[in-house]
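Visitor: Heads up: the sequence shown begins at 7 in the numbering used here, then just goes up one per residue.
Glycine included, C-beta positions come from ideal geometry on N, C-alpha and C.
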Amino acid sequence: MPDTVDFVFTAETARAKVRAAEDAWNTCQPARIALAYSSDSRWRNRSEFVAGRAEIEAFLTRKWLRELDYRLIKEIWAFAGNRIAVRFAYEWHDDSGNWFRSYGNENWEFDAEGLMRRRFASINDLPIGENERKFHWPLGPRPLDHPGLSELGL
7 MPDTVDFVFT
17 AETARAKVRA
27 AEDAWNTCQP
37 ARIALAYSSD
47 SRWRNRSEFV
57 AGRAEIEAFL
67 TRKWLRELDY
77 RLIKEIWAFA
87 GNRIAVRFAY
97 EWHDDSGNWF
107 RSYGNENWEF
117 DAEGLMRRRF
127 ASINDLPIGE
137 NERKFHWPLG
147 PRPLDHPGLS
157 ELGL
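1. My output table needs one value for leucine 74: the three-state DSSP class, helix, strand or coil.
2. Using only CA atoms, which one of Tyr43, Lys69 and Leu41 lies nearest to glutamate 54?
3. Leaving out five residues on either side along the sequence, give the residues of the same chain with a beta carbon under 6 Å from the beta carbon of arginine 48.
4. Just the C-alpha distance for phenylalanine 13 and glycine 103, rounded to the nearest angstrom, thanks.
5. Could you work out which residue in Ser156, Leu158, Met122 and Leu160 is closest to arginine 50 when comparing CA atoms only?
6. In chain order, what residues of the same chain lie with their CB nearer than 6 Å to the CB of alanine 118, ignoring the 5 residues before and after it?
Here's what the structure looks like:
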């Protein structure tokens, strides 16, 4: 892939892109989410490598069969040119009712159309009690008045 920058973010557009990604992922709709990625997009998610929209959709389908009642918050960390770095946390439970908070960092690179062509994610899972949950909103996008990661002390 070329190293030339063909799409440049401003502080405002980078923040909007991060929030749009968070909102989309909170829908847990793999087919819709896959459209935000270029047809030749490449991912590293934990130790799994994914390429192209069909694999992205399959990956997300598997993810949300295992990670139930998923709620995600993303926060911009830095941006330059056509790249954004984010940190995130999400809460979910398994089919036995065990709750987790997963923390991580992602590095994103976008093509000229603003589609993500590369995504590298590092993620760690922390078992939590249901009483330790901090992400309380109905399934779907996080309400605008719900605190972000920094406000929650995460």
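Guide: On the basis of the coordinates in this document:
1. Strand at leucine 74.
2. Just measuring C-alpha positions, the residue of Tyr43, Lys69 and Leu41 sitting nearest glutamate 54 is Lys69.
3. Counting only Cβ-Cβ distances below 6 Å, and skipping sequence neighbours, we find Ala57 and Arg124.
4. Phenylalanine 13 and glycine 103: Cα-Cα distance of roughly 43 Å.
5. The residue with the shortest Cα to Cα distance from arginine 50 is Met122.
6. Counting only Cβ-Cβ distances below 6 Å, and skipping sequence neighbours, we find Asp12 and Phe13.
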